[in-house]
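Below: one structure, written as structure tokens.
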Amino acid sequence: MGKLRPRMVTPLLAAVLAVSVSACGGGGGGTDAGASPGASQPAEKIKLTVALFSDFHFAPLYEEFKKTHPNVEIVERRSQFNDHHKNLTTKLATGAGAADVEAVEAGYIATFTPLVDKFHNLGDYGMAKRQADYLDWKWKQGLSPDGSKVLGLGTDIGGLAMCYRTDLFKKAGLPTDREEVSALWPTWEAYLEAGKKFTAAKVSGAKWFDGPGENFRAMVDQAPVGFYDTSNTLVAGTNPDVKKAWDLSVQSIQADQSAKLAAFSPPWNTGLTKGSFATIICPSWKTGSIKDAAPTTSGKWDVAAVPGGGGGNQGGTHLMAPKQGKHPKEAAELIDLLTNKDSQLKLFSEAGALPSIPALYDDPTITGFTNPFFSDAPTGKIFTDAAKALKPQHVGPKAGDVLTAFGNGLQRVEQGKQSPDEAWTQVLEDLDRIK
Amino acid sequence: MATRAPDQLRVSPPHPPSRSGDPARLRHLLYRLDVKASPYAYVAPFFLLFCAFGLFPLVYTAWVSLHEWTLLSDVHTFIGLENFTTLLADDYFWNATFNTVSIGVLSTVPQLLLALWLAHLLNRPLRAQTIFRVTLLLPNVTSVVAVVVIFSQLFGRDYGLINWALSWFGVGTIDWNAGTATSHTAISVMIMWRWTGYNTLIFLAAMQAVPRELYEAATIDGAGGFTQLRKITVPMIRPTIIFVVITSTIGAMQVLAEPLLFGIYSITGGPDRQYQTLSLFIYENFTKLDFGYASAISWMMFLFIVVAAVINYLLTRRARGSLT
């Protein structure tokens, strides 16, 4: 019975707080509109909270913000990826608890932008000027569905590459030079064939890749249409590109290429350190994750082009300001600073976050950037090339849940619980449940 | 008890009320009121809180379960029992019910037997008794997250300690997380780790109230330790056993954190829902913001708990006659 409490109190809270928040929102907007003409900062102390789902390496940027806003205190809080987004939904619905600045990942952005009345329009605080900076599709992802309001500003994007272990490649008699490795897999079919060679070499304790889910996601991300069409209709079950990605994933499982590790789980971390798999799909931000999860493997990695040709985006984030926040002007200014050109440049070298500002793709700091952790691979050039080749795909509202259904299906095949056909049928049933 | 004593003293005033004037009468009325009403006032805080946080949510959940109710929509359509009919035809619901019962039995039965045995061992003069008792309670004080994280490592497929130990006996690599039986076993072990000591202490407290003479008499009659446990201890502490069985059963019905964390935030309880419990199933629908359906599952779970508690009570009552 104890478990019933929070859930049932929530709708009540929603009712009560919806009233109080709308009151605050109106009042706050009024005072800010009055205060904004004055160039000087208001003297009152302000606390801004920033809610993230991992370490974005924002800390030095906060210090920079405080230089121009000495009255602002910034508190960052982090939670696990899925929790972060589910919590944000709940907090918006109940009208309490959201941070002043919330990070929203690409898989969820389409869930939140239709909630126009829950977020501050950053356009009201002069952020419409930022449009010129951005990749067009990234900018549009942060707009309200009718395009009239700026609800989120982009941080990074997830241009794709393939990271691989040179030591394991060497043992299997495969080339280790990144150009030759890229030439091994112009397509995902070729990647599967290269995997067969690797498996035939029987390198002890090592499989071809970590788990089928992430590769499946990458293949779908590269298609012109993914799980949803542009009118937000769920087409995952009928899209031939999705079925092709599924079939290739199943074939790779049947060829015993998977290390059967779920990405970002503790066993996956161990697998990274111990070299349980030779290749791993690498959106640029993942170069940071690998480095954080397996620091001892420095120098054993390298980065090659992704199979299937450059396109495809995996992840990337927007920063949004929920209406619950009482300091929209400061929040908008903080978002502006965290996403501006200089910051994105810094975050690329700090955290591997690939900028969403195309002007930076020719910046020598980035094009000349090499990553010592990945055998001095020119990750700057590799990922900016990927970003230039990237064909954006429409992300639908429940893309996260759809991906979970497919991931579970592939795992059922991997664990030998179902035949591929049975698993596919159950995935389709699960898709029907997604409302 | 102590608080009632003064009342009783005040009940008999020095003069009989009938012969005294109005003030005395009033005082008498106040005394009567005090005696009759005060006990209710004393227990009122609990019942008010219970109504606000226990009864109201229960009733409100029933109300929500009769609606198509999602968090992000302000429109709640009344659909009668449709959520329940959908639920009863939902394979995933029955799968979750099976998992809950399976994990419940696998964890509760060995746990209570072990607790009984441990309590029996500790129910004798020992050196450093407090240390043993505190040690027993330690796993229960540990955060459930820490316990599950550590045990998930132990039950790891590739580098887990348990598979490593089993490999000495020629047992091949077991993917604990993947199989139904293996994952239920792993989760049950985590639950047992946390709750065995706790239940042992409750049993131990009850055992210490059993008169020593019974054991002495039994010893003289030549009854061994096990016979004494079976014929004296168990019948004498039967009310405590019923209590522990019922609380453990309710606890087992509500298992959430262990499967959720064991699956590394897989709200489906593994790819094949092989260890999705009822609570986790509620949580899954809750995170989909489908409150109507989640409430319907909550009510079914409540009914299951009531049924399980009644069956438990009947079984444990019949199990063995008391000493007298």
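Protein sequences, first through last, are from chains Y and U. Taken in order, the first sequence gives residues 1 to 435; the numbers are from our numbering. Taken in order, the second sequence gives residues 1 to 324; the numbers are from our numbering. Just so you know, even glycine gets a beta-carbon here, dropped at the ideal spot from N, CA and C. None of the values given here were measured: they were computed from a predicted structure.
Exercise for review: Run down chain U in chain order and give the residues with a C-beta less than 7 Å from the C-beta of asparagine 82 (chain Y).
Suggested key: Tyr265
Practice item. Run down chain A in chain order and give the residues with a C-beta less than 8 Å from the C-beta of threonine 277 (chain U). Key: Note that chain A does not occur in the displayed structure, where the protein chains are Y and U.
Review point. In chain Y, what lies closer than 7 Å to tyrosine 159 (chain U) by C-beta?
Key: Thr270
Point to revise | Spatial neighbours of leucine 328 (chain U) in its chain, beta-carbon cut-off 7 Å, leaving aside the 5 residues before and after | key: Not covered by the structure: residue 328 (chain U). The range shown for chain U is 1 to 324.
Review point. Which runs of the beta strand (DSSP E) spanning at least 3 residues fall entirely within the region 225-305 of chain Y, listed in chain order?
Key: 277-283, 301-304
Practice item. State buried or exposed for asparagine 129 (chain U), treating a residue as buried only when at least 16 other CB atoms are found within 10 Å of its CB. Key: According to the sequence displayed, residue 129 (chain U) carries glutamine and not asparagine. Exposed is the call here.
Review point. Based on the DSSP output, what are the partners of cysteine 51 (chain U) in its beta bridges?
Key: Paired residue(s): none; cysteine 51 (chain U) is not in a bridge.
Practice item. Quick one: residues in its chain with C-beta nearer than 6 Å to the C-beta of leucine 88 (chain Y), no 5 flanking neighbours on either side, listed in chain order? Key: Glu102
Check your understanding: Of all the CB atoms in chain U, is at least one closer than 7 Å to the CB of lysine 300 (chain Y)?
Key -> no
Review point. For a contact meaning CB atoms closer than 8 Å, what does threonine 268 (chain U) contact in chain Y?
Key: Thr404, Asn408
Check your understanding: Does any residue of chain Y bring its CB to less than 7 Å from the CB of proline 271 (chain U)?
Key -> yes
Review point. Cβ of threonine 97 (chain U) less than 7 Å from any chain Y Cβ?
Key: no
Point to revise | 7 Å CB neighbourhood of alanine 128 (chain Y) in its chain, flanking five on each side removed | key: Val150
Point to revise | CB contact check: glutamine 344 (chain Y) to chain U, cutoff 7 Å | key: no
Review point. Using a Cβ-Cβ cut-off of 6 Å (strictly less than) and excluding sequence neighbours within five positions of leucine 214 (chain U), which residues of its own chain qualify?
Key: Ile232
Review point. In the DSSP assignment, what residue or residues form a beta bridge with arginine 32 (chain U)?
Key: Bridge partners of arginine 32 (chain U): none, in fact.
Exercise for review: Alpha carbon to alpha carbon, how far is threonine 155 (chain Y) from glycine 28 (chain Y)? Give it in angstroms, no decimals.
Suggested key: Any reading at glycine 28 (chain Y) needs caution, since the residue's pLDDT is 36, under 50, leaving its predicted position unreliable; the model's value is listed next. Taking the straight line joining both Cα atoms gives about 27 Å.
Exercise for review: Using beta-carbon positions only, say whether valine 328 (chain U) and threonine 277 (chain U) come within less than 7 Å of one another.
Suggested key: For residue 328 (chain U) there is no data in the structure shown, the boundaries of chain U being 1 and 324.
Point to revise | Listed by chain order, chain U residues near glutamine 411 (chain Y) by CB distance under 7 Å | key: Pro271
Check your understanding: In chain order, what residues of the same chain lie with their CB nearer than 7 Å to the CB of leucine 272 (chain Y), ignoring the 5 residues before and after it?
Key -> Ile290, Ala293, Ala294, Thr297
Review point. Using DSSP with H/G/I as helix, E/B as strand and the rest coil, what is valine 210 (chain U)?
Key: coil
Review point. How would you label asparagine 71 (chain Y), buried or exposed, when you count the other beta carbons within 10 angstroms and need 16 or more for buried?
Key: exposed
Review point. Quick one: is the Cβ of glutamine 208 (chain U) within less than 6 Å of any heavy atom of the ligand NAD?
Key: The ligand NAD is absent from the structure shown, which contains no ligands of any kind.
Review point. In whole angstroms, what is the alpha-carbon distance linking proline 358 (chain Y) and aspartate 133 (chain Y)?
Key: 7 Å
Review point. With distances taken between CB atoms, is the gap from arginine 178 (chain Y) to aspartate 363 (chain Y) smaller than 7 Å?
Key: no
Check your understanding: Would a check of beta-carbon distances place threonine 86 (chain U) closer than 7 Å to chain Y?
Key -> no
Check your understanding: Pick from Y:Glu422, Y:Thr404, Y:Leu390: whose alpha carbon is nearest that of tryptophan 137 (chain Y)?
Key -> Y:Leu390
Exercise for review: State the start and end residues of the unbroken beta strand (DSSP E) segment that holds glycine 269 (chain U).
Suggested key: First-last for glycine 269 (chain U): undefined, no H or E at that position.
Check your understanding: CA-CA distance, glutamate 284 (chain U) and isoleucine 191 (chain U)?
Key -> 21 Å
Practice item. Label arginine 124 (chain U) either buried or exposed according to how many other C-beta atoms from any shown protein chain fall within 10 Å of its C-beta, with 16 as the threshold for buried. Key: exposed
Review point. Going along the chain, which residues of its own chain have a beta-carbon closer than 7 Å to the beta-carbon of glutamate 64 (chain Y), five neighbours each way excluded?
Key: Leu337
Point to revise | Alpha-carbon to alpha-carbon, threonine 61 (chain U) and leucine 12 (chain Y) | key: Per-residue confidence for leucine 12 (chain Y) stands at a pLDDT of 40, beneath the threshold of 50, marking its modelled position as unreliable; the derived number appears in the next sentence. Roughly 12 Å between the two C-alpha positions.
Practice item. Would you kindly report the start and end of the unbroken beta strand (DSSP E) that includes methionine 320 (chain Y)? Key: 313-320
Point to revise | phenylalanine 374 (chain Y) versus Y:Tyr164, Y:Lys67, Y:Gly123, residue with shortest Cα-Cα distance | key: Y:Tyr164
**Study point:** CB contact below 7 Å: threonine 180 (chain U) versus chain Y
**Key:** no
Review point. What residues are listed by DSSP as bridge partners for aspartate 156 (chain Y)?
Key: Y:Pro355
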